[in-house]
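In order, the protein sequences belong to chains A and B. Per the working numbering, the first sequence starts with residue 4, numbered consecutively. Per the working numbering, the second sequence starts with residue 4, numbered consecutively. Note that the Cβ used here is the ideal one computed from N, Cα and C, for glycine as well.
There are 2 protein chains.
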Amino acid sequence: MDADEMAKTFVKQYYSAYDDDRSNLGVFYREASMLTLEGQKIQGPVNIVAKLTSLPFQKCKHGITTIHCQSSGPAGGTLVFVDGLLEVDGQEYAPMFIQMFHLMPVPNASTGSYYVLNDIFKMDYA
Amino acid sequence: MDADEMAKTFVKQYYSAYDDDRSNLGVFYREASMLTLEGQKIQGPVNIVAKLTSLPFQKCKHGITTIHCQSSGPAGGTLVFVDGLLEVDGQEYAPMFIQMFHLMPVPNASTGSYYVLNDIFKMDYA
């Protein structure tokens, strides 16, 4: 699977899980993982899921506009840059969001297993 | 210098150079460096500078809104996520841009020398 295909597969899996039940997102992260959410830094799957589930909406739907990806160097990672529209609780106005992930291979796992080491998320209220 | 300070210093230096004379931006990149510009991938300092200098404006001014950064794992890199407004040729409407850099330490250099391994740039015409 090349980087573009891997990025697309990851994006599909991640946002499906998010929109379905964001309390299940912990599987994408490990202890070293860091989320920057609107400037706040949150580390590790437990804290990241606690933050994501505390966001003030019940339902959401991420509509992806573009995905760009690049290999990120000697450690075998991949950078994934996403933008799209985030609809919450059925509201008509869906603001734009921008999110970048740094995916790293899971140590000692079979090829193709990745986790999110870095996650930077920002809403873009135009 | 911590990662936040380093990111701020880099952002200042990079956009000062860009707004002053973008033909000088090659010093920030190395042969492995990749720029994704509106979906097109361009590799290496010569090609990156050729692309940047071919953009259809004479003067520009990047106004930075936010900078977020995170350490990027075992290879010693730093991710820098920037958004801001890009004014070109003195036009009144300055659209938003989003750019992310993956900075890596220069091998065998003194501490604090970094180059841009990954650069993903996107205009955000709201």
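Whole-number beta carbon distance between residue j and residue i, since they are thought to touch under 8 Å
i, j, result
"GLN73 (chain B)", "MET107 (chain A)", "Their Cβ separation, rounded to whole angstroms, is 13 Å, which puts GLN73 (chain B) and MET107 (chain A) out of contact at 8 Å."
"LEU120 (chain A)", "ALA35 (chain A)", "6 Å"
"SER26 (chain B)", "VAL52 (chain B)", "6 Å"
Residues near residue i by beta carbon distance below 7 Å, same chain, minus five either side
i, result
"LEU82 (chain B)", "CYS72, GLN73, SER75, MET103 and HIS105"
"TYR17 (chain B)", "PHE31"
"LEU55 (chain A)", "ARG25 and LEU28"
Alpha-carbon to alpha-carbon, residue j and residue i
i, j, result
"PHE124 (chain A)", "ASP23 (chain A)", "19 Å"
"PRO97 (chain A)", "VAL91 (chain A)", "According to the sequence displayed, residue 97 (chain A) carries Ala and not Pro. Between ALA97 (chain A) and VAL91 (chain A), the C-alpha separation is close to 7 Å."
"GLY29 (chain A)", "TYR117 (chain A)", "13 Å"
"VAL109 (chain A)", "GLN61 (chain B)", "46 Å"
"ARG33 (chain B)", "GLY47 (chain B)", "6 Å"
"ASP5 (chain A)", "GLU95 (chain B)", "42 Å"
"THR69 (chain A)", "ASP7 (chain A)", "12 Å"
"ASN50 (chain A)", "PHE84 (chain B)", "22 Å"
"GLY115 (chain A)", "ALA78 (chain A)", "14 Å"
"PHE13 (chain A)", "GLY87 (chain A)", "15 Å"
"SER113 (chain B)", "ALA112 (chain A)", "35 Å"
"SER57 (chain B)", "GLY93 (chain B)", "18 Å"
"GLY42 (chain B)", "PRO59 (chain B)", "17 Å"
"LEU40 (chain A)", "ASP122 (chain A)", "8 Å"
Residue i - containing beta strand (DSSP E), residue span
i, result
"LYS64 (chain B)", "63–74"
"GLN94 (chain B)", "No beta strand (DSSP E) holds GLN94 (chain B); DSSP gives it neither H nor E."
"VAL119 (chain A)", "117–127"
"LEU40 (chain B)", "32–40"
Enclosing alpha helix (DSSP H) for residue i [first to last residue]
i, result
"PHE13 (chain B)", "6–24"
"ALA53 (chain A)", "48–56"
Beta carbon proximity, residue i to chain A, threshold 9 Å
i, result
"HIS65 (chain B)", "no"
"SER75 (chain B)", "yes"
"LEU120 (chain B)", "yes"
"GLY42 (chain B)", "yes"
"ASP127 (chain B)", "yes"
"GLY80 (chain B)", "yes"
"ASP5 (chain B)", "no"
"PHE13 (chain B)", "no"
"MET9 (chain B)", "no"
C-beta neighbour in chain B for residue i, strict 9 Å
i, result
"PHE31 (chain A)", "no"
"ALA97 (chain A)", "no"
"ALA35 (chain A)", "yes"
Residues near residue i by beta carbon distance below 8 Å, same chain, minus five either side
i, result
"GLY80 (chain B)", "SER74, HIS105, LEU106, MET107, PRO108 and LEU120"
"LEU89 (chain A)", "CYS63, LYS64, HIS65, GLY66, ALA97, PRO98, MET99, PHE100 and MET126"
"LYS44 (chain A)", "MET37 and LEU38"
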